[in-house]
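For reference, the structure is listed below as structure tokens.
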Amino acid sequence: MLATELENALVMKWVAKNENPAQLLEKLRGIENADELVKRYTDLAR
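Be aware that the sequence shown starts at 9, since it is given in this note's numbering, and climbs by one per residue.
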């Protein structure tokens, strides 16, 4: 549950900063669920 809360906080930070999804994927290379996190971000940022 803590991990989910931290992931949500990170995604909300990206929304606030209007981060570029391609750059996020580059930064998160090697992280197991990076695609899922960036998808959550792009869904919220619409």
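For each residue, glycine too, the CB sits at the ideal point set by N, CA and C. For clarity, every value in this text was computed on a predicted model and none was experimentally measured.
* **C-alpha distance - Leu36 paired with Pro29, whole-angstrom precision** => 10 Å
* To do: For Thr50, I'd like the list of residues in its chain whose CB is within less than 8 Å of its CB, leaving aside the five on either flank, ordered along the chain.
  => Pro29
* To do: Please report the residue range of the alpha helix (DSSP H) in which Arg48 lies.
  => Ala42 to Ala53
* To do: Inspect the beta-carbon positions of Leu33 and Val46 and report whether they are closer than 8 Å.
  => yes
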